[in-house]
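There are 2 protein chains.
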Amino acid sequence: MKEENFRAVWWEGGKIALLDQNQLPQRETPSFVDSVEDLADAIMTMKVRGAPAIGIAAAYGVALAAWGKEDPQASALRACDLLARTRPTAVNLFWSLQRMRDVIARSGREDMGPEELKKALLEEAEMIAQEQDQADRLIGKHGASLLPAGCRALTHCNAGGLATLSFGTALGVIKTAYQEGKLSKVWVDETRPLLQGSRLTAWELEKCGIPYTVICDNMAGFAMSRGEVDAVVVGADRIARNGDTANKIGTYSLAVLARHHDIPLYVAAPLSTLDLSIADGGDIVIEERSPGEVGEYRGIKTVPEGAQVWNPAFDITPASLITAIVTEAGVAYPPFAEELGKWAGKGDE
Amino acid sequence: MKEENFRAVWWEGGKIALLDQNQLPQRETPSFVDSVEDLADAIMTMKVRGAPAIGIAAAYGVALAAWGKEDPQASALRACDLLARTRPTAVNLFWSLQRMRDVIARSGREDMGPEELKKALLEEAEMIAQEQDQADRLIGKHGASLLPAGCRALTHCNAGGLATLSFGTALGVIKTAYQEGKLSKVWVDETRPLLQGSRLTAWELEKCGIPYTVICDNMAGFAMSRGEVDAVVVGADRIARNGDTANKIGTYSLAVLARHHDIPLYVAAPLSTLDLSIADGGDIVIEERSPGEVGEYRGIKTVPEGAQVWNPAFDITPASLITAIVTEAGVAYPPFAEELGKWAGKGDE
Numbered sequence: 496m497k498e499e500n501f502r503a504v505w506w507e508g509g510k511i512a513l514l515d516q517n518q519l520p521q522r523e524t525p526s527f528v529d530s531v532e533d534l535a536d537a538i539m540t541m542k543v544r545g546a547p548a549i550g551i552a553a554a555y556g557v558a559l560a561a562w563g564k565e566d567p568q569a570s571a572l573r574a575c576d577l578l579a580r581t582r583p584t585a586v587n588l589f590w591s592l593q594r595m596r597d598v599i600a601r602s603g604r605e606d607m608g609p610e611e612l613k614k615a616l617l618e619e620a621e622m623i624a625q626e627q628d629q630a631d632r633l634i635g636k637h638g639a640s641l642l643p644a645g646c647r648a649l650t651h652c653n654a655g656g657l658a659t660l661s662f663g664t665a666l667g668v669i670k671t672a673y674q675e676g677k678l679s680k681v682w683v684d685e686t687r688p689l690l691q692g693s694r695l696t697a698w699e700l701e702k703c704g705i706p707y708t709v710i711c712d713n714m715a716g717f718a719m720s721r722g723e724v725d726a727v728v729v730g731a732d733r734i735a736r737n738g739d740t741a742n743k744i745g746t747y748s749l750a751v752l753a754r755h756h757d758i759p760l761y762v763a764a765p766l767s768t769l770d771l772s773i774a775d776g777g778d779i780v781i782e783e784r785s786p787g788e789v790g791e792y793r794g795i796k797t798v799p800e801g802a803q804v805w806n807p808a809f810d811i812t813p814a815s816l817i818t819a820i821v822t823e824a825g826v827a828y829p830p831f832a833e834e835l836g837k838w839a840g841k842g843d844e
Numbered sequence: 496m497k498e499e500n501f502r503a504v505w506w507e508g509g510k511i512a513l514l515d516q517n518q519l520p521q522r523e524t525p526s527f528v529d530s531v532e533d534l535a536d537a538i539m540t541m542k543v544r545g546a547p548a549i550g551i552a553a554a555y556g557v558a559l560a561a562w563g564k565e566d567p568q569a570s571a572l573r574a575c576d577l578l579a580r581t582r583p584t585a586v587n588l589f590w591s592l593q594r595m596r597d598v599i600a601r602s603g604r605e606d607m608g609p610e611e612l613k614k615a616l617l618e619e620a621e622m623i624a625q626e627q628d629q630a631d632r633l634i635g636k637h638g639a640s641l642l643p644a645g646c647r648a649l650t651h652c653n654a655g656g657l658a659t660l661s662f663g664t665a666l667g668v669i670k671t672a673y674q675e676g677k678l679s680k681v682w683v684d685e686t687r688p689l690l691q692g693s694r695l696t697a698w699e700l701e702k703c704g705i706p707y708t709v710i711c712d713n714m715a716g717f718a719m720s721r722g723e724v725d726a727v728v729v730g731a732d733r734i735a736r737n738g739d740t741a742n743k744i745g746t747y748s749l750a751v752l753a754r755h756h757d758i759p760l761y762v763a764a765p766l767s768t769l770d771l772s773i774a775d776g777g778d779i780v781i782e783e784r785s786p787g788e789v790g791e792y793r794g795i796k797t798v799p800e801g802a803q804v805w806n807p808a809f810d811i812t813p814a815s816l817i818t819a820i821v822t823e824a825g826v827a828y829p830p831f832a833e834e835l836g837k838w839a840g841k842g843d844e
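From first to last, the protein sequence lines are chains A and B. Residues in the first sequence are numbered consecutively from 496, following the numbering used here. Residues in the second sequence are numbered consecutively from 496, following the numbering used here.
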């Protein structure tokens, strides 16, 4: 496999650099953000997206807010508040901001000077990024062990390096299986409305030289019915205590289709995606985004004037349709509650 | 209900007029076709689409080929050959061309003059159109009787007046149910890649004042899981002897999802869509169209350079997932073979 040679987000000379994901695959140029307000905007408009990548970007955002300031503590705290209001579903955002708040609190206790605090914030952000990358590699190993030789895997949306840092969760499983010589091809759901599959996942697979075929979301069932899919591997945006999983809209339909065809469905996600405070999927709030994402494509209208549009960004896949949940701590099988509770307990507080 | 005030295709002053369906919903202007070559191109590029509408357009095409010619018979026969090569799956195309060939054969037997033949060909085309419209109304009545009061129906692609003449099959059922006061809303699958749902079905429903909500195809399962869909109503491009149905790609996934949620799936189609020569869906050839339909939208690329794309235009829904097939002759329930055989026998030969 060719080495993936990109990062979704990084720190460069006092600025945050992003690979603008709304411009891919056409333009691959980094976009530099030098204020926390611009970063909040980049998260809301999905220049940077994917729960872990949002968490990492937000951590850098707190470091950025402190950078070069006379009173870095106050700026960093204001940044935490602002960034927490960007997107509601990404659990990793809140988890990541909590780690940055912990650094600020420690700086008070330990009486750090301004320069020391700035350094500590940046170090924590770099640490969050690095930990995510380590988690990705472990998730990849654990997940790949579940796939059969010659596997034709189907994935939805982008749970790749663009959604984490550079390797990915669901796509990390796929990349690892390919490295291990057991993956023969990837079916890439284009993933309407924003086409994270055809624009982003295909771009990553192209970079890695992994064979893939892009399909419209509505073609996945037909591919399954022809016996051409061996496993479905997806990411997660929030996993409840019982294993119910919020992920990109369309995941639930895939789960029903996979069950109908006796195809395993694997959810791959870091422990920071687990939300023990939520008993089941019924308690997860689904973000609804602008109707324009469905009703127009780059300014070209695809619905009549006055059309009503529904645009939920996520859906809930019940634990009963999930074969296994793959985390950096290992593979959990149903019923998920005990193992997930044990693992999340380690990460929490 | 507001009267639908359009026709998909009609004869006007020695030309064929089409509502160019690639331009909808932005532009609603008729496109005039004055050669059978241009008509063949319009069918292949889907300016006119939907099995019954293709059949009607082709009939007018044969009349057009004869119009104003010294030797209308030879021109009409050449037109039949050319039009038969436009699209492989639309059964109604071949059925319609056979009716036009029958007129030509009769003209020989009855020693018609050229003017008489031209008139007879145009009359036959008008008759095919008129019969389809009558079939639509009957399908509408039969189908609406199956829907519950307050029904929230989900439809896929466009099986509306644009796919027939002006009323539609699946959408005719929905329009009739609305007229009868028993339909509360329509879920419109956008239907990738060509968006016949969001561009065409939504446009028809808007014209009729029927409440609807456009969703991406991958949202249908989530709407079902929330209890917001009471019935799925779709059209058909070819129905095999046992009831297996070829229809727009995505229909099969909907059928699996509907079954999982105990929601009835109704197929609405004229008898001319039945193909007794085919035992089951395994024998139906699936048209695969250009990868560009998936990989770009009006010139904007949505996949990386070099991406492999699979673009089947149809899929097969097995009879076992179909609750009932609604035709102008009535409603058939599983096992479908006997009733379909009886009905198709009437139309055939």
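Think of the CB as a built atom: it goes at the ideal place given N, C-alpha and C, for glycine as much as any other residue. Note that the coordinates shown come from a computational prediction; the quantities given were computed from them, not determined experimentally.
So does D536 (chain B) have its beta carbon nearer than 8 Å to some heavy atom of the ligand ADP?
This structure lacks the ligand ADP; in fact it carries no ligand of any kind.
Between P643 (chain B) and the rest of its own chain, which residues show a CB-CB distance below 8 Å, the 5 nearest in sequence each way excluded?
Closer than 8 Å at Cβ, skipping near neighbours: K677, D725 and A726.
Thinking just about the alpha-carbon of each residue, which of B:Q518, B:F501 and B:F527 is nearest to the one in G508 (chain B)?
Among B:Q518, B:F501 and B:F527, the Cα nearest to that of G508 (chain B) is on B:F527.
With DSSP as the reference, identify every bridge partner of S526 (chain A), one or two as the case may be.
According to DSSP, S526 (chain A) bridges with A:L513.
With 9 Å set as the bound, which would you pick, yes or no: does the beta-carbon of I758 (chain A) sit closer than that to a beta-carbon of chain B?
It does not: the Cβ of I758 (chain A) has no partner Cβ on chain B nearer than 9 Å.
What's the C-alpha gap between S720 (chain B) and L572 (chain B)?
About 53 Å.
For L666 (chain B), which option in B:A808, B:R601 and B:G692 has the closest C-alpha, if you only look at C-alpha atoms?
That would be B:G692, whose Cα lies nearest to the Cα of L666 (chain B).
Comparing the C-beta of F501 (chain A) with each C-beta of chain B, is any distance below 9 Å?
Closer than 9 Å: no.
Using a Cβ-Cβ distance under 9 Å, would A715 (chain B) count as near chain A?
It does: the Cβ of A715 (chain B) has a partner Cβ on chain A nearer than 9 Å.
Does any residue of chain B have a CB that is nearer than 9 Å to the CB of D725 (chain A)?
Output row for D725 (chain A): interface = no.
Would you check if the distance between the CB atom of I669 (chain A) and the CB atom of T650 (chain A) is smaller than 9 Å?
Yes, the Cβ-Cβ distance between I669 (chain A) and T650 (chain A) is below 9 Å.
Using CA coordinates, which residue listed in B:I551, B:H637, B:A579 and B:E701 is at the minimum distance from E618 (chain B)?
If we check each option's Cα against that of E618 (chain B), B:I551 comes out closest.
Provide the residue span of the beta strand (DSSP E) that contains I710 (chain A), from first to last.
Y707 to I710 is the span of the beta strand (DSSP E), which, as asked, contains I710 (chain A).
How would you call I795 (chain B), buried or exposed, if buried means at least 16 neighbouring beta carbons within 10 angstroms?
I795 (chain B) is exposed by the Cβ-count criterion.
In chain order, what are the residue ranges of uninterrupted alpha helix (DSSP H) at least 4 long that sit wholly in the segment 772 to 821 of chain B?
List check, alpha helix (DSSP H) in window: 787 to 790.
With 8 Å as the C-beta to C-beta threshold (strictly closer), list the residues of the segment 679 to 710 of chain B near chain A in chain order.
Answer set for the segment 679 to 710 of chain B: D684, E685, T686, R687, P688, L690, S693, R694, A697, W698, E701, P706, Y707, T708, V709 and I710.
Enumerate in chain order the residues of its own chain whose CB-to-CB distance from G842 (chain A) is below 6 Å, with the five nearest sequence positions on each side excluded.
The predicted position of G842 (chain A) is uncertain, since its pLDDT is 45 and thus under 50; a value taken from the coordinates is nonetheless stated next. If we look at G842 (chain A) and ignore the five residues flanking it on each side, its Cβ neighbours are L766.
In angstroms with no decimal places, state the Cα-to-Cα distance between E844 (chain A) and E611 (chain A).
No answer about E844 (chain A) holds up, because its pLDDT of 36 lies below 50 and its placement is not dependable.
Between B:L519, B:R580 and B:Q568, which has its C-alpha nearest D536 (chain B)'s C-alpha?
Residue B:R580 is the option with its Cα nearest to D536 (chain B).
Name the two residues that bound the continuous alpha helix (DSSP H) containing C652 (chain A).
C652 (chain A) -> no alpha helix (DSSP H), and no H or E assigned at all.
Are the CB atoms of I549 (chain A) and A585 (chain A) nearer to each other than 9 Å?
A contact, by the Cβ cut-off of 9 Å.
Determine, using beta carbons only, whether E844 (chain B) comes closer than 9 Å to chain A.
Note that E844 (chain B) scores 36 on pLDDT, short of 50, meaning its location in the model is unreliable; the coordinates nonetheless yield the value given after this. Not an interface residue.
Is it true that the CB of W562 (chain B) sits closer than 9 Å to the CB of K613 (chain B)?
A contact, by the Cβ cut-off of 9 Å.
Could you have a look at K743 (chain B) and say whether DSSP puts it in helix, strand or coil?
Strand.
From the DSSP output, which residues share a beta bridge with Y761 (chain A)?
According to DSSP, Y761 (chain A) bridges with A:V728 and A:A819.
G679 (chain A) by DSSP, collapsed to three states: which one?
Strictly speaking, residue 679 (chain A) in this sequence is Ser, with Gly absent from that position. S679 (chain A): strand per DSSP, three-state reduction.
Pick out whichever of B:T768, B:Q516, B:P567 and B:I710 has its Cα sitting closest to the Cα of E788 (chain A).
The option with the nearest alpha carbon to E788 (chain A) is B:I710.
For G556 (chain A), which of A:R687, A:R647, A:E685 and A:R594 has the nearest alpha-carbon?
Of the candidates A:R687, A:R647, A:E685 and A:R594, the one whose C-alpha sits nearest the C-alpha of G556 (chain A) is A:R594.
Would Y828 (chain A) be called buried (16 or more neighbouring beta carbons within 10 Å of its own) or exposed?
Flag for Y828 (chain A) reads exposed.
Would you mind telling me which residues of chain A sit closer than 8 Å to G790 (chain B), beta carbon to beta carbon, in chain order?
The contacting residues are S693 and V709.
Do F831 (chain A) and T746 (chain A) come within 9 Å of each other at the CB atom, strictly closer than that value?
No. Outside cutoff.
Give the straight-line distance between the Cα atoms of G801 (chain B) and R694 (chain A), rounded to the nearest whole angstrom.
Taking the straight line joining both Cα atoms gives about 12 Å.
Over what stretch of residues does the beta strand (DSSP E) that includes W590 (chain A) continue unbroken?
No beta strand (DSSP E) contains W590 (chain A), which is instead part of the alpha helix (DSSP H) from V586 to R604.
Using DSSP with H/G/I as helix, E/B as strand and the rest coil, what is V543 (chain A)?
If DSSP states are grouped into helix, strand and coil, V543 (chain A) belongs with coil.
Could you check if K837 (chain B) is buried or exposed, using at least 16 other CB atoms within 10 Å of its CB as the buried criterion?
When all chains shown are included, K837 (chain B) counts as exposed.
For the segment 804 to 821 of chain A against the segment 734 to 751 of chain A, are there 3 or more C-beta pairs whose distance is under 8 Å?
Yes: at least three Cβ pairs fall under 8 Å.
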